[in-house]
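Taken in order, the sequence shown gives residues 0 to 315; the numbers are from numbering that gives the first Met the number 0. Even for Gly, the Cβ is constructed at its ideal location relative to N, Cα and C. Only one structure is covered here, and it is reproduced in the block below.
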Amino acid sequence: MVENFSLTDGALPFVKKLVDNAEKLGVKVSKINGATIIDCGIETEGSIQAGLLFTKISLGGLAKVQLHFPSIGEDHSLLQVQVSTSHPVLASLGCQAASWNISKGDFFGMTCGPGRALAQKPSKVYKLLDYKEQHEKAILCIESDKLPSDKIIEYIAEKCQVEKKGLILLMIKTACLVEYIQMAARAIELGVFRLVEQLGYPKEQILHAVGSGFIPPLSMDTEISNDRVNNGLIYGTKLYLIVKSSPDDNLVDLIPKIPSKSSSSYGKRFIDVFNEAGQDFANFDLTLLAPTEVIINDIRTGKIYREGSLEIEKLI
């Protein structure tokens, strides 16, 4: 827990950079029903820097986000996003996780960002984190195929308990540059979700984290992009955690349960598993959406554990 920290205040400086440099960053700022809309990829091209700023905002300003251009073997070269934070649980579960699905009429948006804490979406997560926030501004990052209507603005503002003029929405679609960047930055979120929410590991014992993810080749096709960015998570992410275990922890038994290879669906392409689930995440094997490779350093014992290995060929 970060004492007296506001996720909204942490994200606002990066929002200001986007707004002040909108044209240069390939984004468009407009007003819909009083709310500020920052189009980062629905009707705009976006940019690499916009993608990095979007990602920092989605993490509530609690993480450093960088882009690398490493070479992999002799045949493949893919961009890589690296995220580091000393507040991994709040930054990921409390902010970055796209765990608020806004579905009203013909609008559907997968939603993350600091505004989730204002709306307490989902409430069980914030109860687990023991975190509440009130603010005059609500910042949300939304993946959708369209910009929000007046009614959607009213709905979101009401849920976040802010006036419409205090609402700031960063909008992207699946097949855009900013989406590819922010999706590759989710190794920490995936690992913390698996450890804390699915496996019940005490959140207080996860101290620091570094995560990386490869960005697959970009496509303008929505279905291809959806498959590629999620395959990137399953087969191209690496997570390094620093934890302080308790004496009764058994990390030797726990760590094999974390990586994506622990799923019975491992080896399949995301789109095939998604279609088998009827394109409904309620039926989807969520154990597949986990870091590919996990390294844990336990500072209590001084030991280090490692499980899984990258499969970059599945991203090409």
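Contact check for residue 188 against residue 91 passes: the beta carbons are separated by less than 8 Å.
An exposed status is given to residue 3, since fewer than 16 other beta-carbon atoms sit within 10 Å of its beta-carbon. Residue 137 counts as buried, since at least 16 other C-beta atoms from the protein chains shown sit within 10 angstroms of its C-beta. Every alpha helix (DSSP H) stretch that sits fully inside the segment 151–190 and reaches 4 residues is listed by chain position as 176–183.
Residue burial annotation: residue 190 is buried, with at least 16 other C-beta atoms found within 10 angstroms of its C-beta.
For residue 67, the pairing in a beta bridge is given by DSSP as 79. Assignment of residue 312 by DSSP, reduced to helix, strand and coil, places it in the helix class. The segment 216–226 makes contact with the segment 169–183; the number of CB pairs closer than 8 Å reaches 3 or more. A straight-line Cα-Cα distance of about 22 Å links residue 273 and residue 292. Per DSSP, residue 40 is not a residue of any beta strand (DSSP E), being assigned neither H nor E.
According to the DSSP assignment, residue 291 belongs to no beta strand (DSSP E), since it is labelled neither H nor E.
For a cut-off of 8 Å, the C-beta gap from residue 257 to residue 194 is around 6 Å, short enough to register as a contact. Taking every protein chain shown into account, the CB of residue 134 has 16 or more other CB atoms within 10 angstroms, so this residue is buried. Residue 227 carries a helical assignment under DSSP once its states are collapsed to helix, strand and coil. Around the C-beta of residue 211, 16 or more other C-beta atoms lie within 10 Å, and the residue is accordingly described as buried. Checking the DSSP bridge columns, you'll see residue 242 partnered with 205, 297. In this chain, the beta strand (DSSP E) harbouring residue 305 covers 302–306. Bounds of the beta strand (DSSP E) holding residue 106 are 106–111.
Residue 214 holds the alpha-carbon nearest to the alpha-carbon of residue 231 among 65, 214, 46.
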